[in-house]
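A.B. asks: Numbering (my numbering), first residue to last: 72 to 347. For glycine and all other residues, C-beta sits at the position ideal for the given N, C-alpha and C. Predicted, not measured: the structure shown is a model, and the values here were computed from it.
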Ligand SMILES: [Zn+2]
C-alpha cells in the first residue's frame, strides 16, 4: 500500500478527468491520498473530493495565496476546523508555510504578511490539536523558528529540499520530510544525497500532482518551445517515484512502502482511522 501524502487532486488541471486520475492511482496501488487545500474558496471542494474517494484532506491558506487572502479567512479557517472536528478525513492544517523564492512574495510587506498568516495558522493547528503540512521554499529556518515559537504536533515538511541540518531540526520537532519527483532527476545530487542519508523513519512519499513532474514526464524549455506540453504529474506516478528512492537507498519497494506508510500514520495520526 502506498500513500501519496501531498496531492492537489482538486487543481483545475484535473477538471476533465479527476475521477479517472484517482482510479488510475488506486489501480497502481496508491490507496490513500492526502489533499491539502490552498485557499478558502477551495476548502468545500477538497472536503467533498476526499469524501468521494476515501481520502484525507488538510485545510489552510498556502503562502502563494496569501496576497489574495483576506484577514477574515483566518477566522473562517477556525470556523471550518471547528465544524470539521468530527470528520475523520480532516488530517492537518495545510498547506501553509513561507515562500521566499517567488519575487512578488519577497517584498518586506509581503514577507511580513506571510509570516503573520503562517503564525496564525500554526496557532489554529495547536488550538485544534492538528499537525501541519508545510510548504518550504528558501524558508526552512524561519519556518523552524515559528514552530519553536508556537509548538505544534509535528506534521510534514513537503517537497523538502533543505540542508541535512535543517532536515534534522524538522525531525526533532516531530516532522517527516516529503520526497517526490524532484529526486528522480540525476542532477539533483544534493537532494538524492539527503534522501539517502536521512533515517528511514523520517521519510514520507508524495507526488505534489499536478506539479513537480518526475524526470520521465518532464519536458525541457526546448521541448516546450518545440510544441511539447509540460507533462502533468498524477498520483499514479507515486510507485515509480518510490522506486527511485528504494533504489537510492538499496531497499525493496515493499519495505519502503511499509516504512513510509507507517511514517505517514505517525505524523498524521488521524490517517490511522482511514486505513484501518
Ligand atoms: Zn502543495
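Using only the alpha-carbon positions, how far apart do residue 273 and residue 115 sit?
C.D. replies: 31 Å
A.B. asks: Can you tell me whether residue 281 is buried or exposed? The criterion is at least 16 other CB atoms within 10 Å of its CB, across all chains shown.
C.D. replies: Around the C-beta of residue 281, 16 or more other C-beta atoms lie within 10 Å, and the residue is accordingly described as buried.
A.B. asks: Jot down the residue ranges of each uninterrupted beta strand (DSSP E) in the segment 158-193, minimum 3 residues, whole runs only, in chain order.
C.D. replies: 161-170
A.B. asks: Starting from residue 102, trace the alpha helix (DSSP H) both ways and give me its first and last residue.
C.D. replies: First-last for residue 102: 101-107, but that is the beta strand (DSSP E), not the alpha helix (DSSP H).
A.B. asks: Terminal residues of the continuous beta strand (DSSP E) containing residue 275?
C.D. replies: Secondary structure note for residue 275: its beta strand (DSSP E) is the uninterrupted segment 274-276.
A.B. asks: With DSSP as the reference, label residue 241 as helix, strand or coil.
C.D. replies: helix
A.B. asks: Residue 249 and residue 227 - do their beta-carbons sit closer together than 7 Å?
C.D. replies: Yes, the pair counts as a contact, with Cβ atoms nearer than the cut-off.
A.B. asks: If we call anything under 7 Å between Cβ atoms a contact, is residue 299 one with residue 314?
C.D. replies: no
A.B. asks: Let me know if residue 118 comes out buried or exposed under the rule of 16 or more other beta-carbons within 10 Å of its beta-carbon.
C.D. replies: buried
A.B. asks: Would you check whether ligand 1 has a heavy atom nearer than 6 Å to the C-beta of residue 166?
C.D. replies: Yes, since a heavy atom of ligand 1 falls inside the 6 Å radius drawn around the Cβ of residue 166.
A.B. asks: Could you say if the segment 165-176 and the segment 117-134 meet the contact criterion of at least three C-beta pairs nearer than 8 Å?
C.D. replies: A contact exists between the segment 165-176 and the segment 117-134.
A.B. asks: What's the call for residue 254, buried or exposed, on a 16-neighbour Cβ count within 10 Å?
C.D. replies: buried
A.B. asks: Below 8 Å, can you find three or more Cβ-Cβ pairs linking the segment 216-231 to the segment 335-342?
C.D. replies: yes
A.B. asks: Using the DSSP secondary-structure output, state which residues sit across from residue 348 in a beta bridge.
C.D. replies: One cannot answer for residue 348 here, as it falls past the ends of the chain, which runs 72 to 347.
A.B. asks: Nearest to residue 230 by CA position, among 275, 159 and 258, is which residue?
C.D. replies: Comparing Cα-Cα distances from residue 230 to each of 275, 159 and 258, the minimum goes to 275.
A.B. asks: May I have the straight-line CA-CA distance separating residue 157 from residue 199, to the nearest angstrom?
C.D. replies: Our two residues, residue 157 and residue 199, have alpha carbons roughly 12 Å apart in a direct line.
A.B. asks: Please go through the same chain and pick out, in chain order, the residues whose beta-carbon is closer than 6 Å to the beta-carbon of residue 46, but skip the five residues on each side of it.
C.D. replies: Look at the range of the chain in this structure, 72 to 347, and you will see that residue 46 is not part of it.
A.B. asks: Work out the CA separation of residue 142 and residue 318 for me, nearest whole Å.
C.D. replies: C-alpha of residue 318 to C-alpha of residue 142: approximately 46 Å in a straight line.
A.B. asks: Should residue 81 be listed as close to ligand 1, given that the test is whether its C-beta is under 6 Å from any heavy atom?
C.D. replies: Every heavy atom of ligand 1 is 6 Å or more from the Cβ of residue 81, so no.
A.B. asks: How close, in whole Å, do the beta carbons of residue 208 and residue 171 come, if the pair is a contact with beta carbons under 8 Å?
C.D. replies: 7 Å
A.B. asks: Could you check whether the Cβ of residue 126 sits closer than 6 Å to any heavy atom belonging to ligand 1?
C.D. replies: For residue 126, the shortest separation between its Cβ and any heavy atom of ligand 1 does not lie below 6 Å.
A.B. asks: Out of curiosity, what's the CA-to-CA distance linking residue 85 and residue 328?
C.D. replies: 26 Å
A.B. asks: Would you list, in sequence order, the uninterrupted alpha helix (DSSP H) runs of no fewer than 4 residues that lie entirely inside the segment 74-150?
C.D. replies: 89-98 and 114-124
A.B. asks: Excluding five sequence neighbours on each side, which residues of the same chain lie with their C-beta closer than 6 Å to the C-beta of residue 201?
C.D. replies: Short of 6 Å from the beta carbon of residue 201, and not among the five residues preceding or following it, lie these beta carbons of its own chain, in chain order: 163 and 164.
A.B. asks: Mapping DSSP to helix, strand and coil, what is residue 217?
C.D. replies: helix
A.B. asks: Just the C-alpha distance for residue 332 and residue 194, rounded to the nearest angstrom, thanks.
C.D. replies: Rounded to the nearest angstrom, the two C-alpha atoms are 27 Å apart.
A.B. asks: Buried or exposed, going by whether 16 or more other CB atoms sit within 10 Å of the CB of residue 287?
C.D. replies: exposed
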